[in-house]
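Visitor: Structure below; questions to follow.
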Amino acid sequence: MSSSKSALLLGLFGVAGTLWSLTTASLLLAAVYLALGGWRTIRLLAATAPRDVRAGLGYLRLNWYMRRRLAEDTTFSASAFWDDCVRWKCTVSQYIGETCRYLLAQPAKATDRQHGVRLMFGNGLRPQLWRSFAERFGVRDLREVYGATEGNANLVNIDNRAGAVGFVPTVFRLWPALAEWILPVKLVRVDRATGLPLRDKRGLCVACQPDEEGELVGKVDRSHISAFDGYVNQEATQKKLYRDVFRKGDAAFASGDLLVMDEQGYVYFRDRTGDTFRWKGENVSTAEVEAVASQVLGLTDCVVYGVALPGTEGRAGMLAVRDPSGRTDLDALARHLCATLPPYAVPLLVRLTSDLHLTATFKLQKGPLQRQGFQQLGGDPCFLLQGGRYVPLEGPLYDSLCAGLCRL
1 MSSSKSALLL GLFGVAGTLW SLTTASLLLA AVYLALGGWR TIRLLAATAP
51 RDVRAGLGYL RLNWYMRRRL AEDTTFSASA FWDDCVRWKC TVSQYIGETC
101 RYLLAQPAKA TDRQHGVRLM FGNGLRPQLW RSFAERFGVR DLREVYGATE
151 GNANLVNIDN RAGAVGFVPT VFRLWPALAE WILPVKLVRV DRATGLPLRD
201 KRGLCVACQP DEEGELVGKV DRSHISAFDG YVNQEATQKK LYRDVFRKGD
251 AAFASGDLLV MDEQGYVYFR DRTGDTFRWK GENVSTAEVE AVASQVLGLT
301 DCVVYGVALP GTEGRAGMLA VRDPSGRTDL DALARHLCAT LPPYAVPLLV
351 RLTSDLHLTA TFKLQKGPLQ RQGFQQLGGD PCFLLQGGRY VPLEGPLYDS
401 LCAGLCRL
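Below is the structure:
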């Protein structure tokens, strides 16, 4: 088959899949529908209790529409997860947040591959862990979902493209009107300094080209199944809307997420607009730095965020690592970060902490750490990058940094 015919078929199948997912009125349910492979009895083990509205409604619809049997744990246990899958004869399971990484961090055991789980769906599977997770546990289908409880810009990866959070049929580029009717989402260019969308001479948002990073927005249309109904607080609602996006007078939901779409239409998550920071005049993606740090730290919890330093503009990178025993090899970490990342992206500060807090959906929290900066650490050891090495931030060095006199 010629490449042009293959591309056409890919686009047509993508449209059909997108239509199907929209008519279910549930992204979570659509993800399961697209992968069940027939109407066999499915037992679903939730990796967590449905702590977010989208997941909870998806479970109820799945149980009601498909007459599927649900086996749901009220707590998540990484050590008992696969044992429970074997006990309940599960064939489909959900993951969320960091749960896949916690499963990989467990010692290998027989039930890693004795279970019958053939498909897992959810959000939060890190791209660098995708293949190792699938290979170790023998899960042949992974369905990464992108969306927010209140949002209308939703995507789903339906064909195991490693690291992708969704797919937009390439035919939509040739037929924009079809895209607005079926899947009214778009990646738009943003000003990384202000976080606001860039505008063309007509005052409209500028669509991203393939492989160009941008913010995902979803057109607001009250007559569409994906309408954004807003919040109770109208002021908060207005902050989540962009005006004059596709055409004059329209509005779109601002996801606050930076994504990129390749030539084939696969979409990849890059970072939250609020997490990305500027240092030395450059934009730093926290997700990218975390991925590089994880190559040394392995499956250890770690987060990257920007902190203000006296006498400097922008925010410097700070890496917090969960290490209650203080065994992190900081020299190896510094060598790898400096060799892999551009100089402006290398974290200037490293904090070793006894614990990193999670949200109810197993996502690592950055806000409290960012507010604490480098001065309110509660006794946690902190290190500053000096001459390619992380040295203890204490005594005269600490005083110099606080006074804005330290050479960075």
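For the sequence shown, full-length UniProt numbering gives the first residue as 1, with consecutive numbering after it. Note that CB positions come from ideal geometry on N, CA and C, so glycine has one too.
What runs of the beta strand (DSSP E), each 3 residues or longer, lie entirely inside the segment 149-219?
Guide: Taking only runs of at least 3 residues, the beta strand (DSSP E) segments lying wholly in the segment 149-219 are 185-188, 214-219.
Visitor: Whole angstroms are fine: how far does the CA of R389 sit from the CA of L125?
Guide: Their Cα atoms are separated by approximately 31 Å.
Visitor: Could you check the C-alpha separation between K248 and V86 for me, to the nearest Å?
Guide: Taking the straight line joining both Cα atoms gives about 55 Å.
Visitor: Hey, out of G281, R272, W175, F76, whose CA is closest to E288's CA?
Guide: The option with the nearest alpha carbon to E288 is R272.
Visitor: Mark L405 as exposed unless 16 or more other C-beta atoms lie within 10 angstroms of its C-beta, in which case mark it buried.
Guide: Its Cβ having fewer than 16 others within 10 Å, L405 is exposed.
Visitor: Going by DSSP in three states, W279 sits in which element: helix, strand or coil?
Guide: Strand, per DSSP.
Visitor: If you count every other CB in all the chains shown that lies within 10 Å of the CB of W279, and 16 or more means buried, which is it?
Guide: Buried is the call here.
Visitor: Please report how far the alpha carbon of G97 lies from the alpha carbon of V145, in whole angstroms.
Guide: Straight-line Cα distance between these residues: approximately 11 Å.
Visitor: So, at 8 Å on beta carbons, what are the nonlocal neighbours of D141 in its own chain, with the 5 sequence-adjacent residues on each side left out?
Guide: The residues are A35, R118, L119, M120, N160.
Visitor: Any idea what DSSP makes of T353, helix, strand or coil?
Guide: Here T353 sits in strand by DSSP.
Visitor: Would you kindly check if the distance between the Cβ of M261 and the Cβ of R168 is under 8 Å?
Guide: It should be pointed out that residue 168 corresponds to Val in this sequence rather than to Arg. Closer than 8 Å, so yes.
Visitor: Just mark Q94 as buried or exposed, buried being the case when its beta carbon has 16 or more other beta carbons within 10 Å.
Guide: Classification for Q94: buried.
Visitor: Tell me D271's beta-bridge partners as DSSP assigns them.
Guide: Beta-bridge pairing links D271 to L258.
Visitor: DSSP on Q94, reduced to helix/strand/coil?
Guide: Strand, per DSSP.
Visitor: If you run the structure through DSSP and keep just helix, strand and coil, what is V296?
Guide: Note: V296 maps to helix in three-state DSSP.
Visitor: Quick one: is G373 buried, meaning 16 or more other Cβ sit within 10 Å of its Cβ, or exposed?
Guide: Looking at its Cβ environment, which holds 16 or more other Cβ atoms inside 10 Å, G373 is buried.
Visitor: Express the C-alpha separation of R243 and Q106 in angstroms, rounding to a whole number.
Guide: One C-alpha to the other measures close to 48 Å.
Visitor: Exposed or buried, which one is W181 when buried takes at least 16 other CB atoms within 10 Å?
Guide: Answer is exposed; the Cβ neighbour count stays below 16.
Visitor: Does the distance from the CB of G214 to the CB of V190 come in under 8 Å?
Guide: Closer than 8 Å, so yes.
Visitor: Per the contact definition of three or more C-beta pairs closer than 8 Å, is the segment 329-339 in contact with the segment 382-399?
Guide: Judged by Cβ distances under 8 Å, the segment 382-399 makes contact with the segment 329-339, as three or more pairs qualify.
Visitor: Mapping the DSSP letters down to three states, classify V303 as helix, strand or coil.
Guide: Note: V303 maps to strand in three-state DSSP.
Visitor: Would you report the Cα separation of P381 and L129, rounded to the nearest angstrom?
Guide: Answer to the nearest angstrom: the Cα atoms are 29 Å apart.
Visitor: Specify, as a first and last residue, the run of the beta strand (DSSP E) that A334 falls within.
Guide: It is not in any beta strand (DSSP E) - A334 instead sits in the alpha helix (DSSP H) that spans 330-340.
Visitor: Taking the straight line between their C-alpha atoms, what separation do you get for L401 and L155?
Guide: Cα to Cα, L401 sits roughly 44 Å from L155.
Visitor: I'd like to confirm the pairing. Which residues does DSSP put opposite E144 in its beta bridges?
Guide: Note: E144 sits in a beta bridge opposite G122.
Visitor: V321 by DSSP, collapsed to three states: which one?
Guide: Looking at V321 - three-state DSSP - the assignment turns out to be strand.
Visitor: Is V86 helix, strand or coil by DSSP?
Guide: It is helical.
Visitor: To the nearest angstrom, how far is it from the Cα of residue 410 to the Cα of A148?
Guide: Residue 410 cannot be examined here, being either before or after the span of the chain that is shown, 1 to 408.
Visitor: Look up Q375 in the DSSP assignment and say whether it is helix, strand or coil.
Guide: Residue state, collapsed to three classes: coil.
Visitor: Consult DSSP for P392 and reduce its assignment to one of helix, strand or coil.
Guide: In this structure, P392 counts as strand in the three-state DSSP scheme.
Visitor: To the nearest angstrom, report how far apart S77 and Y102 are at their CA atoms.
Guide: So the two alpha carbons sit approximately 9 Å from each other.
Visitor: Give me, in chain order, the residues of the same chain whose beta-carbon lies closer than 7 Å to that of W82; leave out the 5 immediate sequence neighbours on both sides.
Guide: Around W82: T111, D112, H115.
Visitor: Do you know offhand how far P342's Cα is from D200's?
Guide: Taking the straight line from one Cα to the other gives about 31 Å.
Visitor: I'd like to check one pair, E290 with V304: are the Cβ atoms closer than 8 Å?
Guide: Yes; because the gap between Cβ atoms is below 8 Å, this pair is in contact.
Visitor: DSSP three-state call for Q264: helix, strand or coil?
Guide: The answer is coil: DSSP assigns Q264 none of H, G, I, E or B.
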